[in-house]
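The structure appears below as structure tokens.
In the numbering used here, the protein residues as written are 4 to 812.
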């Protein structure tokens, strides 16, 4: 593995501080003092033409005067002087540069031009540049504090990467008070050169870092960010804090396409696909780190709550309901065993209240039974210091029961003085502890979300499904023709043609331009009919009086045509009217009306949303968001993430359950459209009717615009699909076939088997050291790749006996 370009930034042997000074209260003095007093053991070179010595060290007039190699140059001089200093650093072959100075893109266009200039110089000399306008970095294991804050950081295994200097210092202060340490702390500043993706790449492979915390305020390059985040999250937990979007209420709203997707909802969807966990506050960030550090994972969201009081249990249960955490339904066997072991008045349900006189033995026995129950994924243990309770003894009981379980145990010893010793025992035993029931349930939700997101991360959907291939070229021609005519909307007929080209069921329609033709069309498709205005300039057809439903008589058809034309011409006099579409009036008593939409997010590209449709679509703004590409698993996850939609599709009243498979089919087809048709700026299928037999699109509106990215295939998307086009089948002389294809996460077991079957000599020449099998991190790196940045191909043969795939190399 090649050394990271950031190696000299985080493992410097020599540092130059350009702009070092002894002026009280100055950044140059604070940085120099922090480096010296922090105990950095490498060479330290102050640079300032005004001094001969600083901090009892020789001070140099220019970095060019230093005879030795410089790994890291820290610049704290006025912005206007930095370009020349950077050129000097480049000629000196400095390994990396950190610009703490402000006065760049954050203040003016001239400042932005200066910022662009220093980036060009840094890249010309291949010097990674951090900043400008940043706090600096800390690397506690190197005894390096290259910041101008008065905070310090203890050594630990968390890497903190923050775009905000003030959040950086606040987090350091919080961590110091709560006993957390760091492998590194990085203030990113303006991210003019080195970005979030570069930092994620470095810490993903840093052995000192076991988890990564990100505080982000903006994502300038979604593809780069998602690519690096997905790689990092495959190797270690990544926890993200991003402030919510304060301007959601002012987001552009189109009467037909609906509100632009909420920034937070899109970010949540992106982080979920990347396998990361999002939290809201600094203390939640550390709570998530604490619970994820246990390395105990869960398979669902079923939580058992063990308590010695009804109040704490009720608080935890209320919080669980708000977070969609399921209270575990205990098995009959467990309830029977608990009844035999506990006093008669225990709660007999979850939360499991073992009463105020519970001792350590009762806690231990009850917890052991709950952990053994197959219906529980985790147990939250609560204790309130009551008169007959020994919090320390009970903590020891919890430790005894938890030590041999693979299920995570979370605890909250509520109070302060009386429970301090018990809390200490739990922390020493590595059992996550939280100050109150609500925070404990929050922590469990982070663990559950992490596991859910990790499953989403493992998905490698293709841009197109395995069903009948869509007519992509035909659809592209329709879109390109509309753009050539300088239109921003497709006609009703064109929209239906796009759906049909991607094999999405839709009802037939005939466009007519006279009342006489309307009657013929109605007789052709069969009465009763629906009649809709066909105009690319009218978004809200109903509001313009352009829709007539359930027209049953021939005479009514002629009247409906005239009424539609008169109303539309009155309300939309400048609209380009292409005619009126006549469609059969579809009647499905058991159909549910849904809406599926695609919109182009300015950061993450196309996003797909699903919600309740029909006339309620603009009233019930409760849609869930997903990033394409989608496969069967991700489509079902999207459906199940929306409680309203999930319940709507189930059986209720006299209705049979809707056919979810049909909805999944349409979602995957819409995902194909989002992948293959970058010219689609927005798409809305409303309503999509789903009953117990099928799904059918009754109306669609499509907006078009030139792609915002290059002509690179899938360059408009935040996640690169599985590159199916690289698959190739080779026929061997013996008649058997070998498939050459990109590697996939599910190949891990087969790759391990292949490696174990190699000779010791072959393994040595592959890795240049003795190895009998691949470690888990190695398997992750080999099989869980990001197709946008790297590629690994495998040769696969099919076992004709058991149907399993064998990897040959």
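Note that beta-carbon positions come from the ideal geometry of N, C-alpha and C, so glycine has one too.
Given the structure is predicted, the values throughout are model-derived calculations rather than measurements.
Check, Outcome
"Sequence-distant residues of the same chain with beta carbon closer than 6 Å to residue 743, five excluded per side", "731, 796, 798"
"Straight-line gap, residue 740 to residue 810 (C-alpha atoms, nearest Å)", "13 Å"
"Supposed close pair residue 598, residue 501 - CB separation, criterion 8 Å", "That pair is no contact at about 17 Å."
"Assumed close pair residue 461, residue 143 - CB separation to whole angstroms, cut-off 8 Å", "In fact, because the Cβ distance is near 33 Å, the residues do not count as touching under 8 Å."
"Where the alpha helix (DSSP H) through residue 368 begins and ends", "363-375"
"Status (buried if at least 16 other CB within 10 Å, exposed otherwise) for residue 227", "buried"
"Contact between the stretch 193-203 and the stretch 218-236 (3+ Cβ pairs under 8 Å)", "yes"
"Alpha carbon of residue 75 to alpha carbon of residue 136, nearest angstrom", "17 Å"
"Identity of the residues DSSP links to residue 61 by a beta bridge", "56"
"Per DSSP, cross-strand counterpart(s) of residue 428", "In DSSP, residue 428 forms no bridge with anything."
"Expected contact under 8 Å - CB spacing of residue 306 and residue 383 to nearest Å", "6 Å"
"When 60, 298, 680 are compared against residue 409, the one with the closest alpha-carbon", "298"
"Buried or exposed by the 16-neighbour rule on C-beta atoms within 10 Å, applied to residue 252", "In this predicted model, residue 252 has a pLDDT of only 46, less than 50, meaning its place in the structure is not dependable; the value taken from the coordinates is given anyway. The residue is exposed, with fewer than 16 neighbouring Cβ atoms inside 10 Å."
"Spatial distance of residue 345 from residue 615 (CA atoms)", "47 Å"
"Cβ neighbour criterion (16 or more within 10 Å) applied to residue 404", "buried"
"Sequence ranges, beta strand (DSSP E) only - wholly within the stretch 85-134, length at least 3", "99-102"
"Rounded C-alpha distance that separates residue 1 from residue 378", "Outside the displayed range of the chain (4 to 812) lies residue 1, so it cannot be described from this structure."
"Outcome for residue 20 when other beta-carbon atoms lying within 10 angstroms are tallied against a minimum of 16", "buried"
"Test: residue 764 CB closer than 9 Å to a CB of chain D", "As a matter of chain content, chain D is missing from the structure shown, which is built from one protein chain."
"For residue 587: DSSP bridge partner residues", "532"
"Limits of the unbroken beta strand (DSSP E) element including residue 185", "184-190"
"Simplified DSSP assignment, three categories, for residue 801", "strand"
"Where residue 728 falls: helix, strand or coil (DSSP)", "helix"
"Distance between beta carbons of residue 536 and residue 583, contact taken as under 8 Å", "6 Å"
"Between the CA atoms of residue 774 and residue 450 - distance to the nearest angstrom", "33 Å"
"C-alpha gap between residue 563 and residue 512, whole angstroms", "16 Å"
"Beta bridge counterpart(s) of residue 139 as assigned by DSSP", "150"
"Residues sharing a beta bridge with residue 596, DSSP", "692"
"Contact under 9 Å by Cβ, residue 101 with residue 163", "no"
"For residue 603: DSSP bridge partner residues", "609"
"Where the beta strand (DSSP E) through residue 646 begins and ends", "Per DSSP, residue 646 belongs to no beta strand (DSSP E); it is in the alpha helix (DSSP H), 646-652."
"Backbone CA spacing between residue 206 and residue 281 [nearest angstrom]", "18 Å"
"C-beta atoms of residue 509 and residue 538 nearer than 9 Å", "no"
"Residues of its chain near residue 492, where Cβ-Cβ distance is below 6 Å and the 5 sequence neighbours each way are ignored", "539, 706"
"Residue environment, residue 733, which counts as buried when at least 16 other CB atoms sit within 10 Å", "exposed"
"As assigned by DSSP and simplified to three states, the class of residue 766", "helix"
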